């Protein structure tokens, strides 16, 4: 009996140890039409999706089911064309790629000081945006007009809304990847002579852009920078450019 009991105990302990060796799986939690992905390992939550694309307002919680909400995931609100307002709490540290892409009714966005990472084209296609701001105490990002920059405004991260022109400040030395992607209302752009590089897909699908003058401060133009600029009839590339993707 003792031998049999000991064997059973060892078998149970073996099962427990094997179970504990496997990673804990994430689970989903839904509140007010927003789907959160819960990560047991880090005790954090990510905005994963919405129950449907007809959501009109989105209040992202700071905590759900006992987990801190720290990120808005890839494509989380993509094509929520009825979404007019969004509240991003200061628990969020990252906004991932295309998180709000195609939210064509969204009118304003405020980025809190907690956000330290923003993925490419996070706000592309938000054509109704008329107000965009980054908290002044944010350590990594800043804003001016309808443009998102790194903190010291040396890189233009993303142009927002549906303006026909944007005034790029002289502090900018690089136009980031996909910075003007999908700005279909853009008809002209003045690039200051402080800019030295134009990133991948920088002006992709700027279908109303007819002409562009690249200053002789620019040395590199990355791949697909003007892809889909179907109305472009004139472009001047100076002799300073040594690399075209």
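Numbering (the numbering used here), first residue to last: 3 to 247.
Positions of the beta carbon are idealized from the N, C-alpha and C atoms, including for glycine.
What you are looking at is a predicted structure, and each value in this text was computed from that prediction instead of being measured.
Closest residue to residue i among the options (Cα-Cα distance)
i	options	result
residue 128	246, 207, 105 and 194	105
residue 230	98, 245, 188 and 66	188
residue 2	57, 59, 62 and 68	Outside the displayed span of the chain (3 to 247) sits residue 2, for which this structure offers no information.
residue 226	217, 210, 63 and 178	178
residue 166	55, 186 and 247	186
residue 115	72, 59 and 109	72
residue 156	175, 203 and 162	175
residue 235	244, 36, 223 and 209	209
Integer Cβ distance of residue i from residue j, believed to fall under 8 Å
i	j	result
residue 96	residue 117	7 Å
residue 279	residue 113	Because the chain here runs from 3 to 247, residue 279 falls outside it and cannot be looked at.
Inter-residue Cα distance where the pair is residue i and residue j
i	j	result
residue 50	residue 146	29 Å
residue 85	residue 78	12 Å
residue 121	residue 190	26 Å
residue 194	residue 131	25 Å
residue 242	residue 196	13 Å
residue 160	residue 202	13 Å
residue 80	residue 60	13 Å
residue 237	residue 217	11 Å
residue 172	residue 42	46 Å
Where residue i falls: helix, strand or coil (DSSP)
i	result
residue 242	coil
residue 152	strand
residue 83	coil
residue 47	strand
residue 55	coil
residue 102	coil
residue 64	coil
residue 228	coil
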